[in-house]
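Undergrad: Per numbering that gives the first Met the number 0: the sequence shown = residues 0 to 83.
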Amino acid sequence: MTDLAHEIKQLIIDSLDLEDITVDDIDTDAPLFGEGLGLDSIDALELGMGLHKKYDLKIDSNSDETKKHFESVATLVKLIENDI
Numbered sequence: 000m001t002d003l004a005h006e007i008k009q010l011i012i013d014s015l016d017l018e019d020i021t022v023d024d025i026d027t028d029a030p031l032f033g034e035g036l037g038l039d040s041i042d043a044l045e046l047g048m049g050l051h052k053k054y055d056l057k058i059d060s061n062s063d064e065t066k067k068h069f070e071s072v073a074t075l076v077k078l079i080e081n082d083i
């Protein structure tokens with residue numbers, strides 16, 4: 000696991016107050032929403048705010064492109080690497 004993937008997993012846990020989940024519990028390639036981690040739209044907003052705060056990402060919440068970036072930790076890593 001890359002350092003950035005680890006950071007994003009920890010950010011997910013911290014931003015969403017996921018007390019019973021560790022970084023190792025989150026599969027880098029698993030979906031964040033639905034059957035994967037099971038996040039919902041409120042979680043997406045919280046996570047988006049956390050990503051904006053930590054990485055200064057500009058995120059358009061209504062964009063189909065943004066939804067693609069929020070599919071998994073791996074897609075978030077690509078988004079951040081391309082933005083830096």
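All residues carry an ideal CB built from backbone N, CA and C; glycine is no exception.
Between A29 and H5, what straight-line distance do the alpha-carbon atoms span, to the nearest angstrom?
TA: Looking up residue 29 in the sequence shown gives position 30. Looking up residue 5 in the sequence shown gives position 6. So the two alpha carbons sit approximately 14 Å from each other.
Undergrad: Considering Cα atoms alone, identify which of Y54, Q9, L44, D55 is closest to N61.
TA: Looking up residue 61 in the sequence shown gives position 62. The candidate whose alpha carbon is nearest that of N61 is L44.
Undergrad: Among T1, D2, M0, Q9, which residue has its Cα nearest to the Cα of G49?
TA: Translated into the one-based positions of the sequence shown, residue 49 becomes position 50. Residue Q9 is the option with its Cα nearest to G49.
Undergrad: From the DSSP output, in three-state form, read off L56 for me.
TA: To locate residue 56, count along the sequence shown from 1; it is residue 57. In the structure shown, L56 sits in coil (DSSP, three-state: anything other than H, G, I, E or B).
Undergrad: Over the uninterrupted alpha helix (DSSP H) stretch that includes S14, give me the two end residues.
TA: Against the sequence shown, residue 14 aligns to sequence position 15. Where S14 is concerned, the enclosing alpha helix (DSSP H) stretches over 2 to 14.
Undergrad: With 16 other CB atoms within 10 Å as the buried threshold, where does H51 fall?
TA: Against the sequence shown, residue 51 aligns to sequence position 52. So H51 ends up on the exposed side.
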